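A short worksheet on the structure shown next.
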Amino acid sequence: MPNLINFTKLTREQKMMVFDWRNDERVAKFMRSKNIALNEHLKFIDSLKSASDKLYFLVEENGEFIGVIDFININDNECEFGLYANPNLKNQGSKLMRIIIDYAFYELKVSRLNSCAYNFNEKAIALYEKFGFEIYDKDEQMSHLRLERANLEVKTI
Ligand SMILES: CC(C)(COP(=O)(O)OP(=O)(O)OC[C@H]1O[C@@H](n2cnc3c(N)ncnc32)[C@H](O)[C@@H]1OP(=O)(O)O)[C@@H](O)C(=O)NCCC(=O)NCCS
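So the sequence shown is numbered by numbering that gives the first Met the number 0: it starts at 0 and just counts up by one.
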């Protein structure tokens, strides 16, 4: 069973580990903001204590920290997710996606889950599509994807 550690409960050591992952070239090149300073990172984590529309989790499974998942712009109907795997591990994407989908539809109980990715991020887009996400908009830089709960339920029956 995966363990979701809310960013507001991270130890100092875990905050530093996530900081290293987030600034790792293999992760940062797919993110809008790159090279985050440590004070910004710590301030951001602190700010989550009073944020009601965002949730960030460090994911632990079988004693291993496998990645980070987040939910932003959360409202009663929908939210947006993000993820990055521990850059030192391979093939964690599907596990993280299952956790994201379960959390969004069964804990947050939203009816639609959104995400976006740079068009060049083929790995992420292929992963989202594997889980039933559809591209509903695409501009020069980004693809916007979504998964409806209704479609998910049809698929799992
Ligand atoms: C997106 C992410 C979670 C996907 O994880 P994953 O599907 O388990 O894939 P991995 O990164 O472990 O890659 C495993 C291998 O799959 C292969 N692969 C799988 N699908 C692929 C595809 N559609 N196109 C190209 N390569 C693919 C690659 O060869 C890769 O090996 P390599 O990196 O040594 O070339 C992970 O790559 C990640 O954290 N990326 C950085 C952050 C990110 O992009 N987040 C999404 C932002 S919107």
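Quick reminder that beta carbons are idealized off the backbone N, C-alpha and C, glycines included.
These numbers were taken from a predicted model, which means no experiment stands behind them.
For Tyr55, the CB stays at least 6 Å from every heavy atom of ligand 1. Each residue's CA atom was taken as its position, placing Phe18 and Gln140 some 26 Å apart. For the pair Phe6 and Leu41, the CB atoms are not nearer than the 7 Å cut-off. Our two residues, Glu106 and Leu9, have alpha carbons roughly 21 Å apart in a direct line. In the DSSP assignment, Asp138 falls outside any beta strand (DSSP E), carrying neither H nor E.
With a cut-off of 6 Å, the C-beta of Gly62 is classified as distant from ligand 1, since no heavy atom of the ligand falls inside that distance. In the three-state reduction of the DSSP assignment, Ala50 falls in the coil class, being assigned neither a helical nor a strand state.
Under the three-state reduction of DSSP, Ser142 is assigned to strand.
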